[in-house]
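6 protein chains.
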Amino acid sequence: MVNPITTKMFEDMTREELKAVKLKPDTKVIVESISEGPPSIESMYEEYLAAPHVIRLIREGEEKGYDAAVINCFGDPGLAGAREVVEIPVVGPGQAAMLTASAISHSFSVVSVLKNVLPLIRELAQLYGVESKLASARSIDVPVLDLEKDVEKTRNALLEESKKALREDGAEAIVLGCTGFTGLASFIQERVNVPVIDPLPTAVKMAELLVDLNLSQSKIGYPKPPK
Amino acid sequence: MVNPITTKMFEDMTREELKAVKLKPDTKVIVESISEGPPSIESMYEEYLAAPHVIRLIREGEEKGYDAAVINCFGDPGLAGAREVVEIPVVGPGQAAMLTASAISHSFSVVSVLKNVLPLIRELAQLYGVESKLASARSIDVPVLDLEKDVEKTRNALLEESKKALREDGAEAIVLGCTGFTGLASFIQERVNVPVIDPLPTAVKMAELLVDLNLSQSKIGYPKPPK
Amino acid sequence: MVNPITTKMFEDMTREELKAVKLKPDTKVIVESISEGPPSIESMYEEYLAAPHVIRLIREGEEKGYDAAVINCFGDPGLAGAREVVEIPVVGPGQAAMLTASAISHSFSVVSVLKNVLPLIRELAQLYGVESKLASARSIDVPVLDLEKDVEKTRNALLEESKKALREDGAEAIVLGCTGFTGLASFIQERVNVPVIDPLPTAVKMAELLVDLNLSQSKIGYPKPPK
Amino acid sequence: MVNPITTKMFEDMTREELKAVKLKPDTKVIVESISEGPPSIESMYEEYLAAPHVIRLIREGEEKGYDAAVINCFGDPGLAGAREVVEIPVVGPGQAAMLTASAISHSFSVVSVLKNVLPLIRELAQLYGVESKLASARSIDVPVLDLEKDVEKTRNALLEESKKALREDGAEAIVLGCTGFTGLASFIQERVNVPVIDPLPTAVKMAELLVDLNLSQSKIGYPKPPK
Amino acid sequence: MVNPITTKMFEDMTREELKAVKLKPDTKVIVESISEGPPSIESMYEEYLAAPHVIRLIREGEEKGYDAAVINCFGDPGLAGAREVVEIPVVGPGQAAMLTASAISHSFSVVSVLKNVLPLIRELAQLYGVESKLASARSIDVPVLDLEKDVEKTRNALLEESKKALREDGAEAIVLGCTGFTGLASFIQERVNVPVIDPLPTAVKMAELLVDLNLSQSKIGYPKPPK
Amino acid sequence: MVNPITTKMFEDMTREELKAVKLKPDTKVIVESISEGPPSIESMYEEYLAAPHVIRLIREGEEKGYDAAVINCFGDPGLAGAREVVEIPVVGPGQAAMLTASAISHSFSVVSVLKNVLPLIRELAQLYGVESKLASARSIDVPVLDLEKDVEKTRNALLEESKKALREDGAEAIVLGCTGFTGLASFIQERVNVPVIDPLPTAVKMAELLVDLNLSQSKIGYPKPPK
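Right, here's the structure in full:
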């Protein structure tokens, strides 16, 4: 798993949170952060800054013999490029979460951090072919790096926006729109009584699924760069 | 797992084929067939004949404490109704396979048994929101109950149609369009060099994924019938 | 015409209401109810319970020499399967009403009984290719079997939701979303000044249209089941 | 019924062909041609030339007490404008035929006169919301005014293109794409075994259906011009 | 440039307003009004009345050696027909403005004169392929011929509806939905801080762009009428 | 104008070719290449490598007082990110060319260099909202850096694929799918008699259009990154 940001703090948090995910006993998740790039990602600009470094780490992961790669950011920065340069499956939490939401509901809302990222999320839904299922994209107006400062505030804001999405936007399920929310899904799910999808664990389980089914990205769709 | 047909032969075959799927060590798949209904499913008419019995078995499964249900037919007969009456996740191989194909390719083709089922497959793609990803639906013109009579013929016909889908229809991946094809995906995948998705194993892994992530169908989208 | 429910009361009501529909003098509508199945339909589960019995009655109707079949439920339960097994045109009120609404408006809303059925109605619109015309699906929160208990309440609730659809959702026409509403369209239409489409009479007139034009469902799209 | 062209010959032909349509005994069709405008319509330019005159005739028809208006051209020239200025339902054969095709098939092809009109037909399908059902638009390369010169040639060319549409384009039904083809549908239908929709009779029956159901175009969607 | 209305007053106004547009030094805009037709356009009916006269003037313009034609009305009356009969590029402000809005935003709203024209605007967006980008169509409820009576009122109403579109409809840009608004864009843009697109100047610049790039409408898509 | 590749040779070529474009007399195009990044772009991987450097150059351009930026690559690498960080309009040739094609045809094909880039081009069409207009994406199977080695071969291959697109795919116009083709459009256009859109000159003219109309990307859609 690649953290596409240079903020090391997230590495430990991610490791901690992944312990709560029910994986296969022989699944081992190695978390690595890029050494150069943005401290957090809340724009396409920062996605572009991160992408080359994400791809490099994934390529190194393949060389080390890892079975799959997961990008630890809802925006899936570098996903298409990484899929071109490696053979192992590369999974993005944004795609994994939105497809899983499509599987268990007719329409879902994504609740994310800042307003800034809402156009990006709508574009992702469009690219992944699920835009007709996207009821709305909402934000709690808290920057990524502040999420942990006041977890209770984050949690309550998420709950509030999730309720609005269900009441006003016709959503049947909620997708948490930032991997910085990892671990908060069950709190929300218990209170809103609809599926709440946690993108990072979903991506890791999706990677397991692909590896176990001997599947990876199509090399027609993601061909090796010519040189 | 519910076999939506009365042909017992398929029960043993399914059990055998599931052994090859890499499941979690503590995952146990119980295969049961409906006792009344069609011998095979190649039309909406037969889906309707099977659906009430499929739903009854799934409800019984929930009462017995099973964690999830999988319907053993690409047409996902009874899926929406079953999701209404139970709380545990109900997975259809058609939906699981087409969403997985969407995750790893930009467009895919479904290769199925008889021409008869092609309109049904296109309708499923529409309902599941992946019609823009469906490059084509093709058939090998062999009825379900004859698939095993000449496995080599089945395999070669599948390979032939898969190649056509890649060459003529712009597909980047192949979805096997019948759970009677279970076990043939790797043969095709080795020869066409693109992902070939086997719907039944994919559905079982998807059920694992949902259970491990504590997710099930939205009860807004699949509400309990009023009486 | 097939009533897909076992509640005989509806049979007489339907016969009564059909008297008010302007049919050709030689058109005769025979109303029959299924003898086994759900008392009313407000879920996919109940649609599946009804479907095999609906199809059996339609097949018998064809054998008796009837010219067309109409399913007396907005959800069109069993429609696709019935179209496969008979040659005579089979008409569903849901499809007939939504296509007629598409012919005379740019966008319409469906007002139905319970919230439960709204996802089904949206799926029908999707399958019938009119989802871009569906402004909204709304409910009056009255179960089918209570519609007749307080007709005035039903009527007023319908009027209320219809007005909201016009004011808030951008609808240009209203489709009554349950054949239990038969006969109430003119009351609403006089008050909202836009077309209000009554699904059952529309389906009967559509059946006349198809018979008079010597048309029936395509047997490529609805092929005879192989055995 | 308004003939949107000045070629009087078509008037008699249309009257003759309408005799074969099974109408209600009390339905009377009055056929009138515009006195100024194009001799035939095979372009948007000619549609625009015809439209103001079509609308004037329809307005006069309403004043004379007619119950509905039908425009005798597959391109539905003047349809939206006519619907604005009158209260009686105005029906276009292009819309009536394509919606009827949508009702009885999953996809259809339109076979028309000249290549020139194919972009117009695709635009109509888009406007009427059925473009996802339009398998293809094909032409027989015969101008409208030559259709009657060699009816057998016309018929055979229609049959040929219809067969291609079924074989190559995935159509399940055929829509004749010119009201100059009126009367040829049964010949084709008997030979291709799928529904062949004749736009003019379909439009007349659709007008009957709307009148009998007391429906007309929505005045929200087709508001009266302000002065 | 063709004014598709007979109200001469607009001719001078248009000439005045075009002076403010930054054109190439050698670009000369000749403004001409149709001599017969509607005084203003606020319905499809009036578009049809204007279209034949618009096309005649454009044809004359081509004969005089003009390089391009622009229709001075947001509804682009006669556009498709004019493109068929001439070789020089014909530009409609509606299309030019909506495509330009698509280029610089993910979604935009059109603010126009009367409610009457909103269905027309939605249909244009559909035909031009930008309906998924159209956040909403709104009106200020002032008829075209009253726009100049109280310019301040017009301006403030435009500003008000623009703000609502941004706040309530998710628009990222505003398209002025009537060429009678020419010159008001900068007032609004300064106050809402998003791009405000003025359709007439945009159409003139688009005509320059096409001429300079030696481009015109495709004669496959807009073929010469057969006679 | 930013060349998103390090191959300096292209700089001079681009300057040369831009001389042939009819710009306003006071328009000055400054061509600069990135100093670090890929030698050519034929994959998402290379787009990601180029993007951060492209954005840096564009930011510097804004600081130098340039009025607009154009990215010299059909894939529009870095476009969204650049639009976030600057206020001046940033134009991508892929978007400019596809929107211009949409303005003058109902459907167009893109003919590009290698098969590798076809999925990227289809994704661009999807993002830009013109996928319903994209008839096909085709390649001539020549890498970017070989285009100039045998210009005649390049030209003939382009002509060949363009003809196929018109004959087999239903295209009405051709978009050259690589800015390395700059200057070849007129050769093709003269031979196929439909508009052939040259992306780089189109982008430059589009930049002029935006500057002259005082328009830039919406800051709601492309908000400034939070830090």
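Residue numbers (our numbering), protein chains in the order written: chain P, 868 to 1094; chain W, 868 to 1094; chain R, 868 to 1094; chain L, 868 to 1094; chain F, 868 to 1094; chain S, 868 to 1094.
Ideal Cβ placement from N, Cα and C applies to all residues, glycine included.
{"Check": "Spell out the partners DSSP gives R/Val958 in its beta bridges.", "Outcome": "R/Val937"}
{"Check": "How long is the line joining the alpha carbons of R/Ala970 and R/Leu1001, rounded to whole angstroms?", "Outcome": "13 Å"}
{"Check": "Rounded C-beta distance between F/Ala992 and F/Val958? I'm assuming under 8 Å.", "Outcome": "That belief does not hold up - the Cβ atoms of F/Ala992 and F/Val958 are roughly 17 Å apart, past 8 Å."}
{"Check": "Anything in chain P within Cβ reach of W/Asp1079, meaning under 7 Å, just list it in chain order.", "Outcome": "Lys889 and Lys1072"}
{"Check": "Going by C-alpha distance, which of F/Gly942, F/Lys886 and F/Ile1087 is nearest F/Lys1072?", "Outcome": "F/Lys886"}
{"Check": "At a CB distance below 8 Å, what residues from the segment 995-1013 of chain L approach chain F? Give them in sequence order.", "Outcome": "Pro1010"}
{"Check": "Quick check: the Cα distance between R/Lys1091 and W/Pro1066, rounded to an integer number of angstroms?", "Outcome": "26 Å"}
{"Check": "DSSP three-state label for L/Asn870, please.", "Outcome": "strand"}
{"Check": "Cβ closer than 8 Å: which chain R residues qualify as neighbours of F/Arg989?", "Outcome": "His973"}
{"Check": "Is W/Val953 closer than 9 Å to W/Leu1025 when the C-beta atoms are compared?", "Outcome": "no"}
{"Check": "How long is the line joining the alpha carbons of S/Val937 and W/Gly1088, rounded to whole angstroms?", "Outcome": "46 Å"}
{"Check": "Buried or exposed: which applies to F/Glu927, given that a residue is buried once 16 or more other Cβ atoms fall within 10 Å of its Cβ?", "Outcome": "exposed"}
{"Check": "Do L/Leu985 and L/Ser972 come within 9 Å of each other at the CB atom, strictly closer than that value?", "Outcome": "no"}
{"Check": "Looking at chain L, is there any beta carbon in it that lies within less than 9 Å of the beta carbon of R/Glu1075?", "Outcome": "yes"}
{"Check": "At 9 Å on the CB atoms, spell out the chain R contacts of F/Pro892, in chain order.", "Outcome": "Under the 9 Å cutoff, chain R gives no residues; its nearest Cβ is about 45 Å from F/Pro892."}
{"Check": "Just to confirm the assignment, what range does the beta strand (DSSP E) spanning F/Ser902 have?", "Outcome": "Note, F/Ser902: premise wrong, no beta strand (DSSP E); not H, not E."}
{"Check": "How far does the beta strand (DSSP E) with S/Ser1029 in it reach, from first residue to last?", "Outcome": "Here S/Ser1029 belongs to no beta strand (DSSP E); instead the alpha helix (DSSP H) covers Val1018 to Glu1035."}
{"Check": "Leaving out the 5 sequence neighbours to the left and right, which residues in its chain are closer than 8 Å to L/Leu1077 when beta-carbon positions are compared?", "Outcome": "Ala935, Pro956, Val958 and Ser1083"}
{"Check": "I think P/Ile925 touches P/Ala947, with their Cβ atoms under 8 Å apart; what is that distance to the nearest whole Å?", "Outcome": "Actually they do not touch by this definition, with Cβ atoms about 12 Å apart."}
{"Check": "Would you say S/Asp1008 and S/Lys982 are within 9 Å of each other, going by their C-beta atoms?", "Outcome": "yes"}
{"Check": "So the alpha helix (DSSP H) L/Ser1053 belongs to, where does it begin and stop?", "Outcome": "Ala1052 to Val1059"}
{"Check": "What's the C-alpha gap between L/Val888 and L/Thr1049?", "Outcome": "10 Å"}
{"Check": "For a quick check, are the C-beta atoms of L/Met868 and L/Val896 less than 9 Å apart?", "Outcome": "yes"}
{"Check": "Let me see if you follow: with CB-CB separation under 9 Å, is W/Glu1039 close to chain S or not?", "Outcome": "yes"}
{"Check": "Cα separation between R/Ala1038 and R/Lys931?", "Outcome": "42 Å"}
{"Check": "Which bits of chain L does R/Asn939 rub up against, with CB to CB less than 7 Å?", "Outcome": "Those do not exist, as R/Asn939 stays about 17 Å from chain L at its closest Cβ, beyond 7 Å."}
{"Check": "Which chain P residues are close to W/Gly1088, counting only those with a beta carbon under 9 Å from its beta carbon?", "Outcome": "Ile971, Ser972, His973, Ser974, Glu1039, Ala1040 and Val1061"}
{"Check": "With DSSP run on the structure shown, which of helix, strand or coil describes P/Leu1001?", "Outcome": "strand"}
{"Check": "DSSP state of R/Ala887, grouped into three classes?", "Outcome": "coil"}
{"Check": "Quick one: is R/Ser907 buried, meaning 16 or more other Cβ sit within 10 Å of its Cβ, or exposed?", "Outcome": "buried"}
{"Check": "Could you spell out the range, first to last residue, of the beta strand (DSSP E) harbouring L/Ile1041?", "Outcome": "Ala1040 to Leu1043"}
{"Check": "Can you grab the Cα-Cα spacing for the pair F/Leu1012 / F/Leu987, in whole Å?", "Outcome": "19 Å"}
{"Check": "Against chain R, with Cβ distances strictly below 9 Å, would L/Ile955 count as a contact?", "Outcome": "no"}
{"Check": "Let me know the secondary structure DSSP gives W/Ser976 once reduced to three states.", "Outcome": "strand"}
{"Check": "So, is the C-beta of W/Pro871 closer than 9 Å to a C-beta in chain R?", "Outcome": "no"}
{"Check": "What separation, rounded to the nearest whole angstrom, lies between the Cα atoms of P/Leu1051 and W/Tyr933?", "Outcome": "26 Å"}
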